[in-house]
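Structure, as structure tokens:
Protein chains in written order, with our numbering: chain A, 299 to 540; chain B, 7 to 271; chain C, 320 to 726.
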């Protein structure tokens, strides 16, 4: 072998030995135990501090509030949504007390009107709805049923009400088309309003021979898209085509 | 004709109901029994869990019902609290997006501070065709591109299906952040390492729910074990038509969306 | 003011909240620029060896040293960019075999040690032995150390050097292709990013690297000859300009192919990418990369160099010709640097939601700042000066072995 080859092989061997030694000393001990990662990292992550206790923890001590809350409209809302992370409170209940939001600023985070919120979700306009008063002065947060049953459907169906209010159907009250039992306002999921079922219903105002105010648009019920129900094209809460 | 966007509070009674009634009835007669129950119930919070947690028995996923999200942002806020995420509006493990599809066909998307302070409404109702909120987070992919590109093995998928970051090993090259198609990762400015949603691994391994699921007031977020046939997630994926984000990239996400709209990226 | 807040205010459309911060900044632009020069300079040097292009022989050793100087400095750009550079050795200890970046560490190490250092060693060994005999002090010891004690310069030994060197050059060419093609693959394999994810990116990176490397050698050769007060070898410059022109034609064709392909297929990302190109990247892509960096040099070189016609389409005197070559080479450097900018920064300026654009706030100071990057672009020249001092590449420095029968 030439002198060059032997020297180069020596250098290569030194590098390999060097890398091997480095591997032995520098690769963490738990690396590769469970996969291509440091198994100790998983253990470290499992030991991170817990800040939210979970609603089951609150039930252990605050039995009455939890009982009331569990039957009311906020039953799906965990305690810590409003009271913040409370794991520290469960550790030392006497020393650490979770805060409770008592100002008007908090409730509208969920209940302030936003057209993007799903229909049926109770919403208010934070500016006009009983201004200045704290929400909790009328609504017990653990049983927030309103002190008076809402008159307007728009209290829960805000987007529909506001869409209708700038449409051709603005003058129509909701109950004109939706026969609604009063119980719907108390247990909305159990009792539903009715909806029109046939073309003739819309025809009672819009047919040529309907007995309704003259300014209402008329169509010939026989020929105007007779195979469809009216609301398959016309959104009843905003029926105009333009 | 069912309105799919109808708000519906969680229909199942709270899990603690039966235990609460039991306690109420017997609390005076059987203090010892009560003590025993309190000890077992507090087990989830205790330092030493009784049964050792075996990661191989679990495989976690999450369901999100877009029609239930009210955009309150409590999830994003709770996540920052639970996981010590920097409060500036550039670092999020989870966030909420709002989509407003106009009657003119234009789509507007925004996420002010990740949705933490809520949203302000700007579009008149007349111009809205449809609109909804979409919570986003790390999709905990079964085939994660972020794990594929990490040069040193600092990010990895655990046996129970959660993608984690090893803060003491990450070199901060940011390749994983580039590789994530969902924008779920960021660089923690304090540790200079990659950071992302962990499904609150430190909670779920103790039987708790992730913080975002815990505080969601409408039950839009559903957490579950894909290895269990009886779990909220199993029910969710049974009764809903499911979509995942960016399926064409074949990352096989484990966050399943119900009522997801085509406009969502 | 918090720089990210400034970025947030300039966002148009919608970006994911985590995308406000651009993650790969100026340092990651500098890095492929520097490694591209390495590949290009080396491939030029290989042309001499393998294809026996005698005209560019004067640049052979200079090109190897240039490649080494840039190869030494390039990792510094990466190290400065890392969140934890002190952990960077982990790439070599626990590499993830699925990660392009990890595997690139080995490609880089392979190229540095097995190709470049070995080729330089084999080429200089004889000279180092002979220089050491006449020198004193630190330089003598440096040369002796560098020979690794292989001081045999008999004809047999020198024949081994020549054959081994040829072999190394042979594997060096695909290695150089692999080196910068791989950098392209690091971007091209990211399926999450439609600006990067493309089959063509490794090829475009490679050919733009060749272009930049040849242009760099043209400039370095020209400047070093002037500084040394020696006459400029015009056939050498003409040949370099010719190769530069050909390489530029291929590079331009590839980039046009990518552009036309994107426009024609018009995939979902086309809308935001068009917005990107015409708003955020107008200066760096249309003006600097395309026009000043490609079209103008193509016209200059095409009309002045012997590439298309033996005496050039415009038959210009030598002094003017080489000035125009140098001018074209400088424009090309700006153009290739812009190419790297457009790929790296451009790929992060649009949101993965395909709905918005953000901005890059370049810092002046700090490790990721402009001053640091300028320093990193200058440092290889300083390293090259040092290498030239230790291993002079000039023809007059080459030593001839005195043997009874002659060499």
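Beta carbons: idealized from backbone N, C-alpha and C, even for Gly.
Taking DSSP as the reference, what is the three-state secondary structure of residue i?
i	result
residue 69/B	strand
residue 10/B	A caution first: residue 10/B carries a pLDDT of 42, below 50, which makes its placement in the model unreliable, though a value can still be read off. Correct three-state label for residue 10/B: coil.
residue 249/B	strand
residue 103/B	strand
residue 32/B	Only weak support exists for where residue 32/B lies, its pLDDT of 48 falling under 50; the value from the coordinates is given anyway. Residue state, collapsed to three classes: helix.
residue 496/A	coil
residue 162/B	strand
residue 336/C	helix
residue 193/B	strand
residue 385/C	helix
residue 395/C	helix
residue 348/A	coil
residue 661/C	helix
residue 241/B	helix
residue 181/B	helix
residue 401/A	coil
residue 666/C	helix
residue 336/A	strand
Quick check: what's the CA-CA separation for residue i versus residue j?
i	j	result
residue 542/A	residue 539/A	This structure gives no information on residue 542/A, because the portion of chain A shown stretches from 299 to 540.
residue 358/A	residue 388/A	10 Å
residue 10/B	residue 73/B	Any reading at residue 10/B must be qualified, since the residue scores a pLDDT of 42, below 50, and its modelled position is unreliable; the value itself is stated next. Rounded to the nearest angstrom, the two C-alpha atoms are 7 Å apart.
residue 349/A	residue 384/A	6 Å
residue 64/B	residue 193/B	29 Å
residue 581/C	residue 317/A	45 Å
residue 459/C	residue 450/C	8 Å
residue 304/A	residue 494/C	24 Å
residue 727/C	residue 374/C	Any question about residue 727/C goes unanswered here, given that chain C covers just 320 to 726.
residue 156/B	residue 182/B	6 Å
residue 257/B	residue 144/B	12 Å
residue 50/B	residue 382/A	Any answer about residue 50/B is weak, because its pLDDT of 48 lies below 50 and its placement is not dependable; what the coordinates show is given next. Near 19 Å, if we compare the C-alpha coordinates of residue 382/A and residue 50/B.
residue 58/B	residue 526/C	57 Å
residue 351/C	residue 535/A	59 Å
Go to residue i, then tell me how far its beta strand (DSSP E) extends in each direction, as first and last residue.
i	result
residue 201/B	199–201
residue 698/C	Where residue 698/C is concerned, there is no enclosing beta strand (DSSP E), although the alpha helix (DSSP H) it sits in stretches over 689–709.
residue 485/C	From DSSP, residue 485/C is part of no beta strand (DSSP E) but of the alpha helix (DSSP H) over 474–507.
residue 142/B	134–143
residue 557/C	Careful: residue 557/C lies outside any beta strand (DSSP E), inside the alpha helix (DSSP H) at 553–584.
residue 229/B	227–231
What span of residues does the alpha helix (DSSP H) with residue i cover, start to end?
i	result
residue 116/B	Looking at the DSSP string, residue 116/B is not in any alpha helix (DSSP H); the run it does join, the beta strand (DSSP E), is 113–116.
residue 97/B	Neither: residue 97/B is in no alpha helix (DSSP H) and is coded neither H nor E.
residue 442/C	437–453
residue 428/C	419–429
residue 615/C	615–623
residue 525/C	520–546
residue 169/B	Run containing residue 169/B: none in the alpha helix (DSSP H); it sits in the beta strand (DSSP E), 169–171.
residue 456/C	456–465
When the Cα of residue i is compared with those of the options, which residue comes out closest?
i	options	result
residue 380/A	408/A, 393/A and 477/A	408/A
residue 464/A	537/A, 503/A, 397/A and 422/A	537/A
residue 445/A	495/A, 483/A and 395/A	483/A
residue 527/A	489/A, 323/A and 495/A	495/A
residue 489/C	635/C, 371/C, 649/C and 551/C	371/C
residue 309/A	662/C, 436/C, 641/C and 645/C	436/C
residue 473/A	493/A, 485/A and 454/A	493/A
residue 464/C	355/C, 444/C and 523/C	444/C
residue 361/C	682/C, 578/C and 497/C	497/C
Next item on the list: Determine contact between the segment 212–225 of chain B and the segment 74–89 of chain B, defined as no fewer than three beta-carbon pairs at a distance below 8 Å.
Entry: Yes: at least three Cβ pairs fall under 8 Å.
Margin query: Any contact between the segment 110–122 of chain B and the segment 377–388 of chain C? By contact I mean 3 or more CB pairs, one from each, below 8 Å.
Written below: no
Note to self: Could you check whether the segment 161–173 of chain B touches the segment 95–104 of chain B, counting it as contact only if at least three pairs of C-beta atoms, one from each stretch, sit closer than 8 Å?
What the structure shows: no
Margin query: Tell me whether the segment 98–118 of chain B and the segment 358–368 of chain A touch, counting them as touching only if at least three CB pairs, one residue from each stretch, are closer than 8 Å.
Written below: no
Note to self: When you compare the segment 227–237 of chain B with the segment 698–710 of chain C, are there three or more beta-carbon pairs, one atom per stretch, that lie closer than 8 Å?
What the structure shows: Taking 8 Å as the limit for Cβ pairs, the verdict is that the segment 698–710 of chain C does not touch the segment 227–237 of chain B.
Next item on the list: Specify whether the segment 453–467 of chain C and the segment 398–417 of chain C touch according to this definition: at least 3 beta carbon pairs, one from each stretch, less than 8 Å apart.
Entry: No, because fewer than three Cβ pairs between the segment 453–467 of chain C and the segment 398–417 of chain C fall closer than 8 Å, the two stretches do not touch.
Next item on the list: Pair every Cβ in the segment 499–514 of chain C with every Cβ in the segment 468–484 of chain C, then say whether three or more of these pairs are closer than 8 Å.
Entry: no
Next item on the list: Take every Cβ of the segment 558–577 of chain C, pair it with every Cβ of the segment 623–635 of chain C, and state whether three or more of those distances are shorter than 8 Å.
Entry: The segment 558–577 of chain C, when compared against the segment 623–635 of chain C, does touch it at the 8 Å Cβ threshold.
Next item on the list: Say whether the segment 605–615 of chain C touches the segment 644–659 of chain C, bearing in mind that this needs 3 or more beta-carbon pairs closer than 8 Å, one atom from each stretch.
Entry: Judged by Cβ distances under 8 Å, the segment 605–615 of chain C makes contact with the segment 644–659 of chain C, as three or more pairs qualify.
Margin query: With three or more beta-carbon pairs closer than 8 Å as the criterion, would you say the segment 685–704 of chain C touches the segment 330–349 of chain C?
Written below: In this structure the segment 685–704 of chain C lies against the segment 330–349 of chain C, because at least three pairs of beta carbons, one per stretch, are closer than 8 Å.
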